Amino acid sequence: MAKKSKARKPAAQQKEGELEGTDQPSSDMSQAVVGYFPFAGYTSVVGVHTTLLAFSALFLPRTTDVFELLAPEVETTSKDRPQHPFLDTLTRNPAATLVCICAGAVVLQSWWGGWVRGWAIDYVLHGAGLERQLDRARMDERKLTSVFHAWLTTAAASAIFHGVLVLFGAPLASHIWKTYLLSFLISVLTVFPPAYTLGCPLIMSAPDAVMTRMTWVRVFAEFSTRTPVERALLYPAVGTILGCWAGAIPIALDWDRPWQAWPLTPAFGAVAGYIVSSIAALTANAVRFFADEHLRTLREAKMKTN
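In our numbering, the protein residues as written are 248 to 553.
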């Protein structure tokens with residue numbers, strides 16, 4: 248058993264420092280038992296999260312009488328081919344629709360980010376002693392600071408996404424408000440959960456700022472994931488970008504339909520891509536989880552035989 252604990256120590260040291268710089272546990276955490284992930288809870292939370300995200304995108308804009316203060320902006324020019332009544336409210340005012348989708352995403356991503364951050368902490372602290380529990384308490388004390396830094400990073404990223412959308416063909420002088428709403432939606436879906444879980448890469452004064460930035464580069468630039476938490480962060484981010492890009496394709500088609508108004512299809516494409524990729528992350532983590540369980544069972548059976 249002594250050899251087994253020594254073999255686990257480098258893996259624990261590898262996990263050390265992957266949480267945000269201001270919320271780092273002590274270096275003694277390298278001796279903790281790592282590898283725990285609440286897969287059952289993760290499965291249920293992903294199901295609830297994706298369902299509510301789809302519901303908020305499709306039905307929340309249909310219940311907003313307050314946005315009637317904004318004059319309808321889309322005129323139906325193809326009256327010979329009327330659209331389905333379900334789409335009338337969604338396409339009547341694209342700006343109001345985007346505001347509703349962003350509002351729902353802010354609430355749901357805040358809730359989801361809290362779960363992911365808790366799993367990331369438990370992945371390191373599970374099975375630890377009193378000192379590690381004190382580390383967890385110190386992390387919880389800085390939760391408000393972490394939330395503030397995460398939303399600050401999200402706001403900064405939304406400005407960057409706005410510039411990227413313009414470079415990819417979004418209107419430069421017109422529809423600025425709609426383009427920013429789309430960029431903010433993308434930022435909320437892709438940036439807030441990792442910024443809250445891994446830490447803000449923009450804070451240069453954090454104790455482990457270099458480690459935080461290296462983690463961001465490894466996960467989102469090199470696409471190298473080491474834990475189920477990192478896969479739960481990377482897959483939805485990539486799916487959101489791909490879904491938004493694919494959603495822009497119908498706008499170029501000369502169909503003259505109300506739902507082709509900018510930026511409805513990229514926004515719904517981003518939400519759909521996030522949902523599909525979240526399920527893909529769940530599937531990948533499930534395969535890895537059951538494979539690890541099978542190997543663990545084989546090792547235990549071999550030890551009993553010996």
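Glycine residues also receive a C-beta, built at the ideal position from the N, C-alpha and C atoms.
Predicted, not measured: the structure shown is a model, and the values here were computed from it.
Annotation: the continuous alpha helix (DSSP H) that includes aspartate 335 extends over 332-339.
CA-CA distance, threonine 298 to valine 464, rounds to 30 Å. The three-state reading of DSSP puts serine 421 in coil, since its state is none of H, G, I, E or B.
A Cβ-Cβ separation of about 6 Å places isoleucine 522 in contact with alanine 301 under the 8 Å criterion. Ranked by Cα distance from phenylalanine 286, the options Val363, Leu511 and Leu391 are led by Val363. Taking C-beta atoms as the reference points, tyrosine 427 and serine 405 count as a pair closer than 9 Å. With contacts defined by Cβ atoms closer than 9 Å, valine 485 and alanine 352 do not form a contacting pair. Threonine 297: member of the alpha helix (DSSP H) spanning 286-306, first to last residue. With respect to the 9 Å criterion, cysteine 491 and isoleucine 433 are classified as neighbours on the basis of their beta carbons. Between phenylalanine 284 and phenylalanine 536, the CB-CB gap stays under 9 Å.
Alanine 367 is not a Cβ neighbour of threonine 401, given a cutoff of 9 Å.
In this chain, isoleucine 450 is not harboured by any alpha helix (DSSP H), its DSSP state being neither H nor E. In the three-state reduction of the DSSP assignment, tryptophan 492 falls in the helix class. In the DSSP annotation of this structure, the continuous segment of the alpha helix (DSSP H) that includes aspartate 539 starts and ends at 511-552. For proline 475, same chain residues with a beta-carbon under 8 Å away, outside a window of 5 residues either side, are Phe284, Phe286, Tyr289, Trp366, Tyr370, Asn532, Arg535 and Phe536 in chain order.
Pairing arginine 309 with leucine 337, the inter-Cα distance amounts to about 7 Å. By the Cβ neighbour-count rule, proline 513 is buried, with 16 or more other Cβ atoms within 10 Å of its own.
Counting of Cβ neighbours within 10 angstroms places lysine 390 among the exposed residues, the total staying below 16. With at least 16 other beta carbons inside 10 angstroms of its own, serine 303 counts as buried. In its chain, beyond the 5 residues on either side, Gln507 and Thr512 have a beta carbon closer than 7 Å to the beta carbon of proline 497.
Around the beta carbon of histidine 541, a 10 Å sphere encloses fewer than 16 other beta carbons of the protein chains shown; the residue is thus reported as exposed. When only Cα atoms are considered, glycine 361 and leucine 355 end up about 10 Å apart.
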